[in-house]
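To keep things clear, I will list the structure first and then write my remarks on it.
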Amino acid sequence: MNTIVAAQLKGFYVRAWGLPADEPAAVAHEKGVLDATLAAQKQGIQPGMTLPEARAIVPDLRIVSFSESPVAALRESWLDCLVEVGQAVEPGMPHEAWVDLGPHPDPEPVLRFLSERIERDFGSVRLGYGESKWLAEARCHLCPYPNPPLALADIPTLDFRGISESFREQFVFLGFDHVGEIAGAPLSLLKKHFGREADRILQLAQGKGHDPVRPAYPLASRAVERRTPDGVKDRLVLDAILHRLCKNLIRRLCHEELQGSEVRLVIEFEDGLIQTYTRKAPRPLNTVSLLQVAIQQLLSAKVLDQAVVRVRMLMPHLSRLVRPQSGFLSTLNLHQKAAALEPKILEIGSKFGEGKVCRASQLEVPRRIQVLRVWRETTGWK
Amino acid sequence: MKPPDGSEIQAHWREAGEWWAGERPQEVWRWVDSTGVRRETLAPLPAYRLDSKQSPPAEENHREEIALRPHKVRDVKVSEASGWVPAPPSVTDIRRSQKGSGPPYAPLHVLSNYAFGRSTLFAEEIPRLAAALDLPAVALADPFSLTGAVEFAREARRCGVKPLIGASFELAEGGSLVLIARDKTGYRSLCQLISECHLSEPRLFPMATWDRLARFSRGLLCLTGGDLGPIDRALIRGDHERAAELLTRLVDLYGPSNVFVEIERSYLPWTLGVNQRLRELAQHFRLTAVAGGAITHAVRDDFPVQDVLTCAETLCAIDEIVGRKPTRAEAQPQRLDPPARALNGERFLASRTEMAVRFFDAPDLLQNTLQLADRVDDEVMPGPATMPPHSDNDPEMLREVTWRNARRLYGDRLRPRLRRRIEHELDRMIQLNFSSHFLVAWDFCQWAEERGIHYSGRGSVVDSVVAYCLGLSRIDAYAHHLHFDRFLPADGSKRPDIDIDFEAKKRQELREYLVRTYGRQHVAGISAIGAYHTRGIIREVGKVFGLSESAIQYFCKRIHGGVSPERIVKSLESRPELRSSGIPAERFQWVFRMAEKLADIPRNMRSHSSGVILSVQPLDEIAPLQWSAAEGTEEDESIDPYWRIVQWDKRSAKYFFDKFDILCLRGQDVLSGTESRMRVSFPNFDAKTISLQDEESYRAMRSGELIGIPQSASPAMRQAHVRLRTENLHDASLVQAGIRPGVGGAVKMNTLIARRRGLEPYSFEHPELENILGHTYGIVVFQEQIDQLLQSFCGYSSGEAEDIRDKIHKRRREDYGQLIRDEILHRIQSRGFSESIASHVFELIAAFKGYGFAQGHALAFADISIRSIHCQQNYPAPYFASLLSAQPAGYYGPCTLANEARQRGVLLLRPDVCKSEDDFSVEDVTTELMQTPLRVPSGAIRIALKQIAGLSQPTRSAILRERQGAPFASFFDFVSRVRPPRDELTLLILSGALDTFNPNRRCMLAAIPEALEFAQLLHQASLPLTFPEPKLPELVDFSVADRALHERRILGLDIESHLMSFERECVSRKGALSTREAKNLRPGRKAIVVGNPIRLRFPPTPSGKRVVFFDLEDEAGLLNVTCFDRVYQLDGHAIVCSPYVTLIGHAQDRDGHTAFLAKRVFPYRPRLLDQVVDKTHLPVESADFLAR
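Note that the protein sequences, when read in sequence, are chains A and B.
The numbering of the first sequence is the working numbering, which starts it at 10 and goes up by one.
The numbering of the second sequence is the working numbering, which starts it at 969 and goes up by one.
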């Protein structure tokens, strides 16, 4: 079972606007307080409060209106920290995200690393981990992390975010006020009320259920990873690992018809230190050799004096593969082309997978043409 | 870029493009170059201008100089009262705005917005535009509709444009023809054909067949329909034989001289080829070809509005091509329609110059349109209809019935004065030929009386003694000295307006009685037109542009009637409830840009709530008929399954028909309901015989405790009764006339109250003035008094006086009173009155500009209020049960009414599947008095099953049916016999309707799966087996607060106590008062009050500032609160959007009535939320317009 980490950055909006902690100030959105500085919070300003209320409490409160750009910039940089540790990152609200660590044997050091790293650059963070997103999120607020059933027992049912709102309401009607009560309910009872969903609900309530992280950050990125628990110190072995990772990554990109010109290499050492190296090439890194050269150039001047326990290779900002078709059926006349087309399509399909070949007629048609087509079909105009 | 000269142009058209995405429309040429290669050239056209203020017009735009769009409003009286209906532009102004040159022509295929979604043009706007363009004639051709014909024809005559009345007819095989009435016969054919196409097909899906066209073809001119026509459709497909065949058929039907080939040049891809072939066909059949084509909007720049309107009507998102709304009913022949959305925006009303360009090679086609127009008679519409006679000699019968009833009512020895009055009224009615009107009304009122249906007259008909004798009114006009001339002036300038209020539930039965009596061809309702207003525009445009339902709802809930469409953007800044709500303007940008142009455009037609017309001629010879959505109540072949309506609304119908207003007043339902509930114990109880002299009723009026009283419950009415010290029916009628017309009312209420209470002395300069104004303390209160002043002092006839009174009100923006000042003064002085009397009388007359009531109307409403007060005082449980059953009715909702019932000692009992009826019922209760059980008859109200929101009619019927055989024994027995759906069972449990079986609601909720399985098991068993019932699980029940919240959410009212009672301890501890305590404060004392603000009102003020009035509700009742502009601007968001508020202010005395003046209003977070599990929301409505 994978381990999922939930991370919630405290004072996100205050930090995004660079508000000093000792000045009573707040970020406002739609006439409500989104976030407040420490000084403001000490005077009683709470996120969620309405602005008139906040002004009534602290008349000289400095209020900054919400806008997208500062949030986007900070969001990107703090999510990049998460990318270093996990296989997949799914952002939620700008200040929250989930990271899939894979089947990690001991997530505590990762959490420590993350905590130090984020707090150094961005301020305090709440972290929690578990087998599902909702469990990890619930445990963000619990410290130390007790075992799942204990951690969840006192959470109100209406905060059981792993299930839908109507299910939560139904549980409340049935008298299940806390998640612990749901976890202890007999499956037969749950099945009566929730049918097929009962199993999943019970597992989630017991902190076991599967709730996968969707890889949504960075946008259009692919990554491969290799763990070496015993540690690799030999450069040749490391190069062999990197070569394999390059092959895997390029194969995956080819399969999905993607390409990119940037690569990030994350190396975790045995003492827990994580180093990230980034290289941006002037042209797409769409072959194994090109990628390998880029990686070698990245590491050429680096001295690896400790054993490496994890290597992660990530290519962000991928775009659709652009391939020239200069030789494709170009020497044939119209009839020959028509005759040769079907076998060629089959051939390409067998190589790249069925459904990967798209005829021109299947391409997205401009709306103008669609409109004319509908008119033509309905009126019979030729 | 155009193709080079000499190229072979195959097609040339224009496309609208994605205008909403900023794309410009473009012109397309498809041509063959000199080498034989086919090419396509695209050239951009000027973008559509949505905001005329943004940039100067791109091309000639003759309509910008003068606003030709009429301002339509739903209720003319209300709008006139508020004084914002602009006068129509003068003909001189319209003509002056003309521009352009070129040969004249007549547009022959113009659609008005009564084509619902197909045009943005108002029917009245069309002739104005034609006049502005100097076009001699114009034809209206809405599909299967003459709804706009009257407005169109009248405005056309005013503008000096010849109106051609026509309609378009869609054939079963597709394509529309245009038929224009050539003369009165043709108009009759048109009406009959439209009626036939509607009434022989499913509702909303009219269709023409060749057989129908053949049956009603006399007097009609036929146009082939242009691009929408069947012939063009055939030619587009290249089916030339079919086109010729269709044309032959049309020639056979209408004759060659009456068929016109309509040539459309609106830049469509197939125009070149089709038009060429059309001209050949016209030549072949020797038919006249005319320039034509459908016209759907005024100017090219209006196309986006037209496009959005089409999208909204056809359920099409802006980036879709075809809408989801079906164009044919399932039973009709199906076919593939071209998209309803136009390919380009070229179907606008082109100027003469533009038409000259379009038809540069065929000017004869333009000339031919004028020839067609010349063949049409100047007047094709019929004269007014006559009422069906009731007997062979209606005048004689009217006399006979009147005198017979007069003797019954007044005794055999009638006073000479009374005899003279009756004789005078009868003479006038008969002389003006209105005998049949009164006999028809008498007949259906008698029918209602025999069936025990409650009714009463309202309006000026109450002023007639004959109407009282005939039973049309319950107010004795003779005893109250009511002025008959207001109802029916001697010169016949007014038609009799007989308005009668019946019980709402019995109205359809009455309509069916009329249909049975006079025949379905002679009785119908009139229609009412629903139009786009602020919320509708937000919803529809929002949906078209793909906004989420929640975003639309959020915006709509925060906007109310006071915000007109053109002021939406402004209101985002000026209204606190919108200013602070974070509505993103950029998401609603299309709503804002389209709002003004979409305002008042009709969107549907429905049955008018009350108007019924009768005619001795078949109605479909005068106006087309169609089905309304109102279903009949009887399984009778003589009754149609749906109610028929004429296609005219009341503004059009009044020129042709005398209508009866079969109105409904929920007060009648309440009295009737009280009567039927009382008759269980007192069989002789009759609400009609309740005395109007009951002192206790007037005491209640003076106390202002009138919540739940029809016509008197509003805070203004309650306050007025307290201030006036109402002592009798006359006083009550003064309050009705002074307050009910609203802020636009004409009565000087403060002066009236001061004089009534003796605080302001007054005298009369002349005895005649005392005669007229004596009973209203020298102030004009009733409309009749103006008539009397004009007749007595100025010597006007009754008709002239009524006309002047009407104009003083309707033309008050131009101060009509001052315009006739000299004439009035001269007339008064020439009749021997002094100058000071003359000026005093003139001031009285000219000042009565606002909306007023006739005295009879005020008395009729006061009568209902007094009877209701008597019932409420003496039989509270039956009264409140009837009142709650009659909801929605009156000023306050069920929650406030239930609170009031509790205040009056009536116990509210939870709904119970074993005891509750479909309506609220009355039960006896047993209470403890000095440890002795005491049975209180009719002491409680059992909440109705229909009050459970979400409980369907079939489930309610099943409950009532099943328990007739044997009572329900248990929860499982109930579920197995009624078998409600799971969600309805949940509602029943949460509302407490199943508490009889087990008071623990949570146990029953938990047992729902077992209960449904058990029911299934019993149902499947083929033998009458007995299965043991499952056991209910043992669980801890909901808290009291949880139960109260569920009840409020599901029932819309509180059973045991108001939700505010949960807050009382907390707010009392902090020094807040209850509303009752606040009402008893000394004037000027400050206090804090916490409660739920309801019934927000924003009346307009002369200064333009906003004053908000609302009622603050808690468990002790209501407190009348006033917020001035400063407070509203500061705390308006809290008032409008918070379910509970903390109010800081002080008490104010207004002549004995205590109101509360707010200084600050803060949102209050209910402590109740801390006691419940579900903390998400409180089911409390913060303001009436938010709840809709």
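Yeah, the Cβ is synthetic: ideal placement off N, Cα and C, and Gly gets one too.
Do you know offhand how far residue i's Cα is from residue j's?
{"i": "R121(A)", "j": "N1867(B)", "result": "60 Å"}
{"i": "P1170(B)", "j": "M1355(B)", "result": "30 Å"}
{"i": "S1731(B)", "j": "G1351(B)", "result": "51 Å"}
{"i": "A1826(B)", "j": "A1705(B)", "result": "6 Å"}
{"i": "L70(A)", "j": "C2105(B)", "result": "24 Å"}
{"i": "S1766(B)", "j": "F1801(B)", "result": "20 Å"}
{"i": "W1621(B)", "j": "V1584(B)", "result": "Checking the displayed sequence, the identity of residue 1621(B) turns out to be Ala instead of Trp. Their backbone Cα atoms lie some 15 Å apart in a straight line."}
{"i": "N11(A)", "j": "G132(A)", "result": "27 Å"}
{"i": "C1437(B)", "j": "Q1615(B)", "result": "35 Å"}
{"i": "D1329(B)", "j": "G1261(B)", "result": "17 Å"}
{"i": "S1889(B)", "j": "D1941(B)", "result": "24 Å"}
{"i": "E363(A)", "j": "A229(A)", "result": "23 Å"}
{"i": "L313(A)", "j": "A249(A)", "result": "15 Å"}
{"i": "A1098(B)", "j": "S1136(B)", "result": "20 Å"}
{"i": "F2092(B)", "j": "E1541(B)", "result": "18 Å"}
{"i": "Q1476(B)", "j": "R1612(B)", "result": "12 Å"}
With DSSP run on the structure shown, which of helix, strand or coil describes residue i?
{"i": "M1562(B)", "result": "helix"}
{"i": "R1526(B)", "result": "coil"}
{"i": "A2055(B)", "result": "strand"}
{"i": "H1734(B)", "result": "coil"}
{"i": "N1572(B)", "result": "strand"}
{"i": "L428(A)", "result": "With chain A covering only 10 through 391, there is no way to say anything about residue 428(A)."}
{"i": "G1824(B)", "result": "helix"}
{"i": "K311(A)", "result": "coil"}
{"i": "V1531(B)", "result": "coil"}
{"i": "I1834(B)", "result": "helix"}
{"i": "C393(A)", "result": "Residue coverage of chain A in this structure runs from 10 to 391, which leaves residue 393(A) outside it and unanswerable."}
{"i": "C1165(B)", "result": "helix"}
Please name the residue in the options whose C-alpha comes closest to that of residue i.
{"i": "R2063(B)", "options": "S2071(B), A2055(B) and V2089(B)", "result": "V2089(B)"}
{"i": "Q1759(B)", "options": "R1725(B), I1813(B), S1644(B) and I1707(B)", "result": "I1813(B)"}
{"i": "G1504(B)", "options": "H1448(B), E1541(B), D1444(B) and L1566(B)", "result": "L1566(B)"}
{"i": "A1015(B)", "options": "E1589(B), H980(B) and E991(B)", "result": "E991(B)"}
{"i": "Y1222(B)", "options": "I1231(B), W1178(B) and R1233(B)", "result": "W1178(B)"}
{"i": "D1362(B)", "options": "V1005(B), R1634(B) and A1409(B)", "result": "A1409(B)"}
Would you grab the beta carbon distance between residue i and residue j for me? Rounded to a whole angstrom, and I think it's under 8 Å.
{"i": "A1105(B)", "j": "A1341(B)", "result": "4 Å"}
{"i": "G1379(B)", "j": "G1493(B)", "result": "G1379(B) to G1493(B), Cβ: 40 Å. No contact."}
{"i": "V14(A)", "j": "G95(A)", "result": "7 Å"}
{"i": "P1923(B)", "j": "V1946(B)", "result": "Residue identity check: residue 1923(B) is Thr in the sequence provided, not Pro. Contact flag correct, Cβ pair sits at about 7 Å."}
So with CB distances below 9 Å, who are the chain C contacts of residue i?
{"i": "V383(A)", "result": "Chain labels in this structure do not include chain C; the protein chains are A and B."}
Q. For the region 1224-1241 of chain B, which residues have a beta carbon sitting closer than 8 Å to at least one beta carbon of chain A?
A. Those residues of the region 1224-1241 of chain B that come within reach of chain A (Cβ to Cβ, closer than 8 Å) are P1237 and W1238.
Q | Residues of the region 1304-1328 of chain B whose Cβ lies closer than 9 Å to any Cβ of chain A, in chain order | A | From the region 1304-1328 of chain B, only L1304, D1305, P1306, P1307, R1309 and L1311 have a Cβ closer than 9 Å to chain A.
Q) Got a sec: which bits of the region 2003-2016 of chain B sit with their beta carbon under 7 Å from any beta carbon on chain A, in order along the chain? A) L2003 and V2004
Q: Select from the region 1191-1206 of chain B all residues with a C-beta closer than 8 Å to any C-beta belonging to chain A, and list them in chain order.
A: Listed by position, the residues of the region 1191-1206 of chain B near chain A (Cβ gap below 8 Å) are R1201, I1204, R1205 and G1206.
Q.
Can you pull out the residues from the region 1955-1975 of chain B whose beta carbon lies closer than 7 Å to at least one beta carbon of chain A?
A. R1970, L1973 and A1974
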